[in-house]
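Below is one structure, written out as structure tokens; comments come after it.
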Amino acid sequence: MKVNPVGAVAGALILLLPFLGPWWHASLGEAAVVELSPFGYRVCVLGELLHSTLASYLLLGAKVSVILGGIFLLLGSLFPGRWWSRPLVRFGVMKVFWMVISLVVFLVVASFVANFLLRSIRPEDVTLDLSLPFLTGSSELRLSGGNMSASMPVDLHFTGVFWMAVVVAGFGLAARITAGRFQGALPAKPAKPNK
5 MKVNPVGAVA GALILLLPFL GPWWHASLGE AAVVELSPFG YRVCVLGELL
55 HSTLASYLLL GAKVSVILGG IFLLLGSLFP GRWWSRPLVR FGVMKVFWMV
105 ISLVVFLVVA SFVANFLLRS IRPEDVTLDL SLPFLTGSSE LRLSGGNMSA
155 SMPVDLHFTG VFWMAVVVAG FGLAARITAG RFQGALPAKP AKPNK
């Protein structure tokens, strides 16, 4: 029995991804921390955790979808000679790829919006010096007004889990490309009985 090893590895790794933690981390000194992944988030401002039930349910749906995609990819890769193998592989492989792309696009747009808002919404007597990095990097927020000034470090970075997701997305694309090579001559779909 042939097995699609690339697809089997990708399927197993996809099953792990939802449980490994955040893909991106941002901190504004100790005042605010944001951790994001397609499966969960953590926002802590001045020691208080912010929570959204709607966001939690949406992210739970994403987690379930990716777990199902990993299971389908694994099944389609372990049994490539079956007629249902290729549709299962196609369903499973693109989930993580689109999640990686979506997170990067979301972060770029959020950075543009945050930079715009920080420059346009501030009191007239306050000087604000900050330019947020787009995806990763460090910066410093400096506020000054009247007789006082404050500064806080800003740090944005992708975690190791994000880079693992990029590798998994690559494995998924390779599994989709190689899926046909492991199928060989496919047996016909089961015939429907005549009534």
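Note that the numbering used here gives residue 95 to position 91 of the sequence shown, counting from 1, and the numbers run on in steps of one. Cβ coordinates follow ideal geometry from the N, Cα and C atoms, glycine included.
Could you check if Arg146 is buried or exposed, using at least 16 other CB atoms within 10 Å of its CB as the buried criterion? Within the sequence shown, numbered from 1, the residue matching residue 146 stands at position 142. In the assembly as shown, Arg146 is an exposed residue. Its beta-carbon has fewer than 16 other beta-carbons within 10 Å.
Using alpha carbons as the reference points, say which of Trp88, Thr57, Trp102 and Leu50 lies closest to Ser69. Within the sequence shown, numbered from 1, the residue matching residue 69 stands at position 65. With distances taken between Cα atoms, Ser69 lies closest to Trp102.
Return the chain-ordered ranges of every alpha helix (DSSP H) run that is complete within the stretch 53-139 and spans a minimum of 4 residues. DSSP runs (the alpha helix (DSSP H)) wholly in the stretch 53-139: 57-82 and 89-124.
Among the candidates Gly65, Tyr61, Trp87 and Glu39, whose CA atom is the shortest distance from the CA of Leu53? Your numbering for residue 53 matches position 49 in the sequence shown. Closest option to Leu53, Cα to Cα, is Glu39.
Is there contact here, the stretch 14-29 with the stretch 69-82, by at least three beta-carbon pairs under 8 angstroms? yes
Ends of the alpha helix (DSSP H) at Ala14? For the purposes of this step, residue 14 is taken as the residue at position 10 of the sequence shown. Taken as a continuous stretch (DSSP letters only), the alpha helix (DSSP H) holding Ala14 covers Pro9 to Leu20.
May I ask which residues mark the beginning and end of the beta strand (DSSP E) holding Phe162? In the sequence shown, the residue the question calls residue 162 occupies position 158. Run containing Phe162: Met152 to Phe162, per the beta strand (DSSP E) assignment.
Inter-residue spacing [alpha-carbon to alpha-carbon] between Ser115 and Pro157: Numbered from 1 along the sequence shown, position 111 holds the residue referred to as residue 115. Numbered from 1 along the sequence shown, position 153 holds the residue referred to as residue 157. Computed Cα separation, rounded: 16 angstroms.
Taking Ala36 as part of the beta strand (DSSP E), name the residues at either end of that continuous run. Position 32 of the sequence shown holds residue 36. Segment Ala36 to Ser41, the beta strand (DSSP E) holding Ala36.
Starting from the Cα of Phe43, find the closest Cα among Asp159, Ala59, Gly164 and Leu50 and give me that residue. To locate residue 43, count along the sequence shown from 1; it is residue 39. If we check each option's Cα against that of Phe43, Ala59 comes out closest.
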